[in-house]
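Q:
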Amino acid sequence: MSAEEMGKVTNRTRFVFAVSSLIFLAVLAISPLKDYGREWKQYKRSYLRFAQGRPDTKRLTADYSPNIDQIWLPGMNVVDRCTTCHQGITQATLGDKSVPQPFRAHPPIPHNVRDWGCTICHRGQGPATEVAEAHESTLAWEQPALPTHFIQASCGTCHLADLPQTPQLTKGRQVLAELNCQGCHKMQGIERPAMLGPDLSSVGTKVSREWIYKWLKEPRTIVDKDGNVTVNGVETEEEPRMPKFRLTETELRALSGYLSLQKAKPITPYKIPPGVVAAWSKNPELISQGELRFRQMFCSTCHSLAVTRAGETKLIGGDIGPELTKVGSKVNSDWLVTWLRDPESYLPHTRMPRYGWSDEDLYKVSQYITTKLVDSDLLTNIPKLDPPADEEVQLGRRLFTEKGCASCHVIEGLNPQKDFGPDLTALGGKNASELEFGAAKIQHNLVSYIQAKLQDPVSVNPAARMPQYDWNQADLDAVTAALLSMKGAPPTSALQNLVVPRKDTAFHPTGSFAEVYERYKCYTCHKFNGYGGDLAPDLTYEGSRAQRQWIVEFLKNPQTLRPTLILRMPQLNMSDKDASTLADYLSMVMQHPAVNPAALDTKQFTPAMASLGKQLYEVKYQCQSCHTIGSSGGYVGPNLNNAGAWLTPAWIEAWLKNPQALVPDSIEPRRNFTDEEIKALTAYLMTLRAGIKPQKTASISGARSSAQGAGR
Amino acid sequence: MRTRNLTFALALLPLAFVSGCRKQTAGAKADPLLAAYDSEPDWADSTKIVPLGYQEAQGKRIFYQYCVWCHADSTPAGPSNRSNLKPVPPLLNDGATLNTESDEYLQNIITLGGSAMGKSAMMPPYGRTLSAGEIRSVIAFTRAIAQPPYQPPGRPGSQYSAK
Chain P
1 MSAEEMGKVT NRTRFVFAVS SLIFLAVLAI SPLKDYGREW KQYKRSYLRF AQGRPDTKRL
61 TADYSPNIDQ IWLPGMNVVD RCTTCHQGIT QATLGDKSVP QPFRAHPPIP HNVRDWGCTI
121 CHRGQGPATE VAEAHESTLA WEQPALPTHF IQASCGTCHL ADLPQTPQLT KGRQVLAELN
181 CQGCHKMQGI ERPAMLGPDL SSVGTKVSRE WIYKWLKEPR TIVDKDGNVT VNGVETEEEP
241 RMPKFRLTET ELRALSGYLS LQKAKPITPY KIPPGVVAAW SKNPELISQG ELRFRQMFCS
301 TCHSLAVTRA GETKLIGGDI GPELTKVGSK VNSDWLVTWL RDPESYLPHT RMPRYGWSDE
361 DLYKVSQYIT TKLVDSDLLT NIPKLDPPAD EEVQLGRRLF TEKGCASCHV IEGLNPQKDF
421 GPDLTALGGK NASELEFGAA KIQHNLVSYI QAKLQDPVSV NPAARMPQYD WNQADLDAVT
481 AALLSMKGAP PTSALQNLVV PRKDTAFHPT GSFAEVYERY KCYTCHKFNG YGGDLAPDLT
541 YEGSRAQRQW IVEFLKNPQT LRPTLILRMP QLNMSDKDAS TLADYLSMVM QHPAVNPAAL
601 DTKQFTPAMA SLGKQLYEVK YQCQSCHTIG SSGGYVGPNL NNAGAWLTPA WIEAWLKNPQ
661 ALVPDSIEPR RNFTDEEIKA LTAYLMTLRA GIKPQKTASI SGARSSAQGA GR
Chain U
1001 MRTRNLTFAL ALLPLAFVSG CRKQTAGAKA DPLLAAYDSE PDWADSTKIV PLGYQEAQGK
1061 RIFYQYCVWC HADSTPAGPS NRSNLKPVPP LLNDGATLNT ESDEYLQNII TLGGSAMGKS
1121 AMMPPYGRTL SAGEIRSVIA FTRAIAQPPY QPPGRPGSQY SAK
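These protein sequences, in sequence, are chains P and U.
With the first letter of the first sequence counted as 1, position 405 gets the number 405 in my numbering; the numbers rise by one all the way through.
Take the position in the second sequence, starting the count at 1, then add 1000; the result is the number in my numbering.
1) Mind pulling the chain U residues with CB within less than 9 angstroms of P:GLY634?
2) Could you check how far apart the C-beta atoms of P:PRO597 and P:SER544 are, in whole angstroms? I think they sit under 8 angstroms.
3) Is it the case that the CB of P:LEU454 approaches a heavy atom of the ligand MN more closely than 7 angstroms?
4) Just by C-beta distance, which residues in the region 148-160 of chain P are closer than 7 angstroms to chain U?
5) Keeping to the same chain, check which residues put their C-beta closer than 8 angstroms to that of P:ILE667; ignore five residues upstream and five downstream.
6) On the premise that P:GLU142 lies in contact with P:ALA432, defined as a C-beta separation below 8 angstroms, what is that separation, rounded to the nearest angstrom?
7) Mind pulling the chain P residues with CB within less than 8 angstroms of U:PRO1038?
8) Using a Cβ-Cβ cut-off of 7 angstroms (strictly less than) and excluding sequence neighbours within five positions of P:PRO490, which residues of its own chain qualify?
9) Compare the C-alpha of P:PHE513 against each of P:CYS302, P:THR90, P:ALA583 and P:ALA680 and name the closest.
10) So U:SER1137 and U:GLN1055 are supposed to be a Cβ contact under 8 angstroms. How far apart are they, rounded?
11) Return no unless some Cβ of chain U is closer than 8 angstroms to the Cβ of P:ILE667.
12) Taking a cut of 7 angstroms between CB atoms, which residues from the region 96-116 of chain P lie near chain A?
13) Taking 8 angstroms as the threshold (beta carbon to beta carbon), is P:TYR621 in contact with chain U?
14) Does the contact criterion of 3 or more C-beta pairs under 8 angstroms hold for the region 313-325 of chain P versus the region 245-256 of chain P?
15) What is the DSSP secondary structure of P:VAL203, counted as helix, strand or coil?
16) Starting from U:THR1097 and walking both ways along the alpha helix (DSSP H), at which residues does that stretch end?
17) So with Cβ pairs under 8 angstroms, would you call U:THR1047 a contact of chain P?
18) Apart from the five residues just before and just after U:LEU1033, which ones in its own chain have a Cβ nearer than 8 angstroms to its Cβ?
19) Which residues share a DSSP beta bridge with P:THR13?
20) Cα separation between P:MET195 and P:CYS408?
21) Do P:ARG293 and P:LYS364 have their C-beta atoms within less than 8 angstroms of each other?
22) Below 7 angstroms on C-beta distance, what does U:LEU1033 contact in chain P?
23) Tell me which residues share the same chain as P:LEU379 and place their Cβ nearer than 7 angstroms to its Cβ, disregarding the 5 neighbours each side in the sequence.
24) Rounded to whole angstroms, what is the Cα-Cα separation between P:ASP504 and P:LYS330?
25) Using 8 angstroms as the limit for Cβ to Cβ distance, is P:ASN672 near chain U?
26) Given this structure, state the Cα-to-Cα distance separating P:ASN332 from P:ALA406, to the nearest angstrom.
27) At the level of alpha carbons, what is the spacing between P:VAL277 and P:MET297?
28) By the three-class DSSP mapping on this structure, what secondary structure does P:GLU5 have?
29) Per DSSP, what are the beta-bridge partners of P:LYS314 in this structure?
30) Take every Cβ of the region 164-178 of chain P, pair it with every Cβ of the region 338-355 of chain P, and state whether three or more of those distances are shorter than 8 angstroms.
31) In chain order, what residues of the same chain lie with their CB nearer than 8 angstroms to the CB of P:VAL16, ignoring the 5 residues before and after it?
32) Could you list the residues in the region 1127-1139 of chain U with a C-beta less than 7 angstroms from some C-beta on chain P, going in chain order?
33) Would you call P:CYS626 buried or exposed, if buried means 16 or more other Cβ atoms sit within 10 Å of its Cβ?
34) Pull up the distance between the alpha-carbon of P:LYS430 and that of P:TYR617, whole angstroms please.
35) Using 8 angstroms as the threshold, is the region 99-108 of chain P in touch with the region 3-15 of chain P, meaning 3 or more CB pairs across them?
36) Measuring straight from C-alpha to C-alpha, what distance separates P:ASN11 and P:SER2?
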């Protein structure tokens, strides 16, 4: 290579170097520019501009730094940079809706964001600094932010005990339990009760094969194309407990055949004495008398009937037991009488009390049910079914376990398949890639998956064995939230320690009380130390509240105390002995630790105190706005006409001091009474006495109207 | 030839940088109900659903436990106590009456009761039963469902703000 050529190469090299240095310079200039334009920096700057337009700029910018903000909680796996853009979340003045996002303040909740971070509740990708990366599901991070509508799910991940602040979650857990989802699925915090669906060991003694066929084909609930749910042709809001299984004709015949042969405990028909039958069978009043007794015994507290009023047919009554509009066409009449006399002989775990029937009442009521609560068209479209062939029975027996029937219903000698449905204890934390979406045209995320699967199980998995449920939107969303809350065991021990477990609410009385308590199934409606239903008052402190004699009289002849409450205590026809056993136990054992009726001397109340109390009641505090005395007053609190014979003075005093200390969710406000005023009011209330007169006029309409939208 | 390629490649390099720069993301379609903590049907028109934030939803819960008995026409248990009372208490969504009252006034009358504010003693004080925060949330719920809709008063101007 000559020197000249060498010079040429050098020149060219110089040129290349010059150009490339220029390019590198340009690149170097771009990167700070690019850095300046980062999404989070734009939000940082616009927050500054926003704060300068507000009157309290100084306070809003006190913590401002131009860098990334981060909440780092090593024990909880939290690295949240959300506050980089959401800069106003702790500023009380930025709470209202006119403040643009992402600067709006977080509403005041019981947890401080500095101690908890954001993603523990809202999910999403905490360390991300771009809007899409932080909120949406990406290839590298599959947990998108949770829609606020389901945010209560996050409360439920740690709070296994129900919270008042999360009604949707509580409702969802209740619906899951009511629909017996725990029959097939393992779920967090929902225990399997003693009985899910009814025991079918003797179902053949109760209903015919045709009825079973109809029930399996179309459980009395029908959903039309608009999603309206009807039970026996009447529209209702309730979710039916028995779902619809997709069964073929052969399967229907086989299952109905198999079930119609289940007669483990043959019934021994109870013969109503011929004298009673002879006296009443010809009486034209028989049926109307039966209906009257049916009402007076308050069957409708637990069972609903379709009632037509002013051209509108509604289901009216409770939902603890089955709806009974057409039960007369369903059950065998011998079975009915035996059942009414002693429900436990047929279903050991039933919630139905054993009433003390007189033969006359039993005859009247059973005649009413079998003549009036019927529908001759009930089985018209059902083929005539002969006694089943052996192969049908064998197939039916196999289907009973394979279809999952055995997971909720017991048949003697038949064991349910273990773990029939998938374990759902960690469903709420699943990534979209772990789920099967099949051919369903839905968004690929957990929320859409859960809702699609609940609404139509075969839409995401054609081979799904899960039956078809009918949902209204509120229940669907509530159940979705409850399922999203189940994220399995917390990943770190710091989180493990935060879990608030469900309270164990066992109540195991013993002795003669337990016998009566079991017989009348008090716990179906009442709570005892946290265990039992919530239809009727909690009886945990009944011994401090009510006088023993009043309890006895009430049990013998229940009456309503609260004019607004419609559901009522059934007339159990209790014997004197049973009533005093219950009253003794309640007044001895079910006491509030701070309220001892025996320790208070009633002689201290003078007529002067009582008249001062009357004045306070009527003028200063105007208690009549909520309570009724005589025939005037409000409907909110209990009627006080008989307060002197009903309540113990010790309870009244403690109650007036602080109602919520005795009944935490009582709506009676805690007032600022002086001790003297409390004594005077107690003295006045103790003078109120009325003979116990049964009121039998309460209507049962509206028993099912829910709190939602009740203001309408 | 090789040099030209090299130059070309170097010239492309910044482009590569720039191209990765901005990711256009489709704006999330915001369903107001999915972004709400809870909702309440408009009392006058049940087809209209009012989305509620956390605080308003807590107010709704407290309202349906404590206040619904006298401040609504129907209650979870059936008949309302409203017709028993004189003067008749306002419905909670009665914007014509309640929109003119300030948050502070409502906070006071709920906390201290009607008689303390020169109104009927039939309105009991809830200051010892509900916390101040709970009462604020009831007011927030009132504002959310008011008919005609509630307009918050203008924010007072700061004396320091630039004219």
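C-beta: ideal position from N, C-alpha, C; glycine also.
A: Judging by the given coordinates:
1) Numbered from its first residue, the first sequence carries residue 634 of chain P at position 634. What P:GLY634 touches in chain U: TRP1069, CYS1070, ASN1081, ASN1084, LEU1085 and MET1122.
2) The sequence position of residue 597 of chain P within the first sequence is 597, counting from 1. The sequence position of residue 544 of chain P within the first sequence is 544, counting from 1. Contact flag correct, Cβ pair sits at about 6 angstroms.
3) Among the components modelled here there is no ligand, and therefore nothing to report on the ligand MN.
4) From the region 148-160 of chain P, only THR148, HIS149 and ILE151 have a Cβ closer than 7 angstroms to chain U.
5) Taking the first residue of the first sequence as position 1, residue 667 of chain P is located at position 667. Cβ neighbours of P:ILE667 beyond the five flanking positions: VAL636.
6) For the purposes of this step, residue 432 of chain P is taken as the residue at position 432 of the first sequence. For the purposes of this step, residue 142 of chain P is taken as the residue at position 142 of the first sequence. P:ALA432 to P:GLU142, Cβ: 5 angstroms. Contact.
7) Position 38 of the second sequence, counted from the start, is the residue given in the question as residue 1038 of chain U. At residue 1038 of chain U the sequence reads Asp, which differs from the Pro that was named. Within chain P, the residues near U:ASP1038 are PRO167 and GLN168.
8) Counting from one through the first sequence, the residue named residue 490 of chain P turns up at place 490. Here the set comprises GLN496 and VAL499.
9) Looking up residue 513 of chain P in the first sequence gives position 513. Considering only alpha carbons, the answer is P:ALA583.
10) Taking the second sequence and counting its residues from 1, the one referred to as residue 1137 of chain U is at position 137. Taking the second sequence and counting its residues from 1, the one referred to as residue 1055 of chain U is at position 55. Cβ-Cβ separation between U:SER1137 and U:GLN1055: approximately 5 angstroms, consistent with a contact (criterion under 8 angstroms).
11) Taking the first residue of the first sequence as position 1, residue 667 of chain P is located at position 667. Among the CB atoms of chain U, one or more fall inside 8 angstroms of the CB of P:ILE667.
12) Here chain A cannot be found, since the structure's protein chains are P and U.
13) By 1-based counting over the first sequence, the position of residue 621 of chain P is 621. Answer yes: the Cβ-Cβ gap between P:TYR621 and chain U drops below 8 angstroms somewhere.
14) No, because fewer than three Cβ pairs between the region 313-325 of chain P and the region 245-256 of chain P fall closer than 8 angstroms, the two stretches do not touch.
15) In the first sequence, the residue the question calls residue 203 of chain P occupies position 203. Secondary structure of P:VAL203 (DSSP, three-state): helix.
16) Taking the second sequence and counting its residues from 1, the one referred to as residue 1097 of chain U is at position 97. 1095-1098 is the extent of the alpha helix (DSSP H) around U:THR1097.
17) Numbered from its first residue, the second sequence carries residue 1047 of chain U at position 47. Interface flag for U:THR1047 against chain P is unset, since no Cβ pair is found closer than 8 angstroms.
18) Numbered from 1 along the second sequence, position 33 holds the residue referred to as residue 1033 of chain U. For U:LEU1033, where only same-chain residues beyond five positions count, the Cβ hits under 8 angstroms are SER1039, ILE1049 and PRO1051.
19) Here the question's residue 13 of chain P lines up with position 13 in the first sequence. In the DSSP output, where bridge partners are listed per residue, P:THR13 has none listed.
20) Reading the first sequence from its first residue, position 195 is the one you call residue 195 of chain P. Reading the first sequence from its first residue, position 408 is the one you call residue 408 of chain P. It is roughly 8 angstroms from the alpha-carbon of P:MET195 to the alpha-carbon of P:CYS408.
21) The residue you call residue 293 of chain P lines up with position 293 of the first sequence. The residue you call residue 364 of chain P lines up with position 364 of the first sequence. Cβ atoms of P:ARG293 and P:LYS364: closer than 8 angstroms.
22) In the second sequence, counting from the first residue as 1, residue 1033 of chain U sits at position 33. Simply HIS149.
23) Along the first sequence, one-based indexing puts residue 379 of chain P at 379. Only GLU210, TRP211 and LYS214 meet the Cβ criterion.
24) The sequence position of residue 504 of chain P within the first sequence is 504, counting from 1. The sequence position of residue 330 of chain P within the first sequence is 330, counting from 1. Taking the straight line from one Cα to the other gives about 39 angstroms.
25) Taking the first residue of the first sequence as position 1, residue 672 of chain P is located at position 672. With 8 angstroms as the cut-off, P:ASN672 counts as an interface residue toward chain U.
26) Locating residue 332 of chain P in the first sequence gives position 332, where the first residue counts as 1. Locating residue 406 of chain P in the first sequence gives position 406, where the first residue counts as 1. Each residue's Cα considered, the two are about 24 angstroms apart.
27) To locate residue 277 of chain P, count along the first sequence from 1; it is residue 277. To locate residue 297 of chain P, count along the first sequence from 1; it is residue 297. The straight-line gap separating the alpha-carbon atoms of P:VAL277 and P:MET297 is approximately 21 angstroms.
28) The count along the first sequence starts at 1 and reaches residue 5 of chain P at position 5. DSSP places P:GLU5 in helix when its eight states are reduced to three.
29) Position 314 of the first sequence holds residue 314 of chain P. P:VAL307, per the DSSP bridge assignment.
30) In this structure the region 164-178 of chain P does not touch the region 338-355 of chain P; the number of beta carbon pairs closer than 8 angstroms is below three.
31) By one-based count along the first sequence, residue 16 of chain P stands at place 16. Cβ contact annotation for P:VAL16 (same chain, cutoff 8 angstroms, sequence separation greater than five): none.
32) For the region 1127-1139 of chain U, the beta-carbon criterion of a distance under 7 angstroms to any beta-carbon of chain P is satisfied by ARG1128, THR1129 and GLY1133.
33) Stepping through the first sequence from its first residue, residue 626 of chain P is reached at position 626. It counts as buried.
34) For the purposes of this step, residue 430 of chain P is taken as the residue at position 430 of the first sequence. For the purposes of this step, residue 617 of chain P is taken as the residue at position 617 of the first sequence. Going from the Cα of P:LYS430 to the Cα of P:TYR617 covers about 59 angstroms.
35) Taking 8 angstroms as the limit for Cβ pairs, the verdict is that the region 3-15 of chain P does not touch the region 99-108 of chain P.
36) In the first sequence, residue 11 of chain P corresponds to position 11, counting from 1. In the first sequence, residue 2 of chain P corresponds to position 2, counting from 1. Cα atoms of P:ASN11 and P:SER2: separation of roughly 14 angstroms, rounded to the nearest angstrom.
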